[in-house]
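Asker: Position 78, counted from 1, in the sequence shown is what our numbering calls 78; the numbers after and before it change by one each time, with no gaps. Take a look at this one; I'll ask things after.
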Amino acid sequence: MFQDNPLLAQLKQQIQEKLPKKEGTIKATEKGFGFLEVDSKTSFFIPPPYMKKCLHGDRVKAIIRTDNDRESAEPEELLEHNLARFIGRVKMFKGKLNVTPDHPQLKKQSLKAKVKKGLNPTDFAEGDWVVAHLVQHPLKGDAGFLVEISKKNH
1 MFQDNPLLAQ
11 LKQQIQEKLP
21 KKEGTIKATE
31 KGFGFLEVDS
41 KTSFFIPPPY
51 MKKCLHGDRV
61 KAIIRTDNDR
71 ESAEPEELLE
81 HNLARFIGRV
91 KMFKGKLNVT
101 PDHPQLKKQS
111 LKAKVKKGLN
121 PTDFAEGDWV
131 VAHLVQHPLK
141 GDAGFLVEIS
151 KKNH
């Protein structure tokens, strides 16, 4: 009944537009949650489910929600990503290539990977050091993170 109702869609849009928004930088923690740092004095908690859509160092626009006097941020739009080109290690997951960035705040992040044209995926093994580029990001409308391996570091 309400599935494709244009009035409901318009109401949702108006509610979204009225919600407070802030721009800031993502600071990840070891425990899965993070913070949106707006300036040196202001930061907002980001719950773990929302942290799955962003990476440490990303600059984002986020919706600020208040629930029982507690404010939290929901990253909505990627303004600038921190991880364009990076060095990481190959990690095989269910027989598929993944790359873990060599960065203290990102070492738990295993990102799906593909290889650049001209490279053979079978030339890469668990633990290999590689140079990779971030090519897909969930906050840019992509299904998830995807990196492209451009070369193997020997």
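No residue lacks a Cβ here, since even glycine has one placed at the ideal position from N, Cα and C. Values in this document were obtained by computation on a predicted structure and should not be read as measured data.
Considering only DSSP beta bridges, list what F44 is partnered with.
Answerer: F44 is bridged to L36.
Asker: Going by Cα to Cα distance, which pick from N5, P49, F44 is closest to S72?
Answerer: Cα-wise, what sits closest to S72 is F44.
Asker: According to DSSP, D67 sits in a beta bridge with which residue or residues?
Answerer: R70.
Asker: Near N98, which residues of its chain fall below 8 angstroms by C-beta distance, leaving aside the five closest residues on each side in sequence?
Answerer: Excluding residues within five positions, the ones whose Cβ falls inside 8 angstroms are V90, K91, M92, S110, L111, K112, A113.
Asker: Identify whether K18 lies in helix, strand or coil by the three-state DSSP scheme.
Answerer: In the structure shown, K18 sits in a helix (DSSP, three-state: H, G or I).
Asker: For K31 and L139, I'd like the C-alpha separation in whole angstroms.
Answerer: Between K31 and L139, the C-alpha separation is close to 21 angstroms.
Asker: Nearest by alpha-carbon distance to S150: which of E74, A84, G95 is it?
Answerer: When only C-alpha atoms are compared, the closest one is A84.
Asker: Are the beta-carbon atoms of G88 and V147 separated by less than 9 angstroms?
Answerer: In contact: G88 and V147 (Cβ atoms closer than 9 angstroms).
Asker: K52: which of N153, K152, F145 sits nearest, CA to CA?
Answerer: Comparing Cα positions, the closest option is F145.
Asker: Give the range of the beta strand (DSSP E) segment to which F161 is assigned.
Answerer: Given a span of 1 to 154 for the chain in the structure shown, any question on residue 161 remains unanswerable.
Asker: For E126, which residues of its own chain have a beta-carbon under 7 angstroms away from its beta-carbon, when the five flanking residues on both sides are left out?
Answerer: Correct list, in chain order: V90, K91, M92.
Asker: Taking buried to mean at least 16 other C-beta atoms within 10 Å of its own C-beta, is P101 buried or exposed?
Answerer: So P101 ends up on the buried side.
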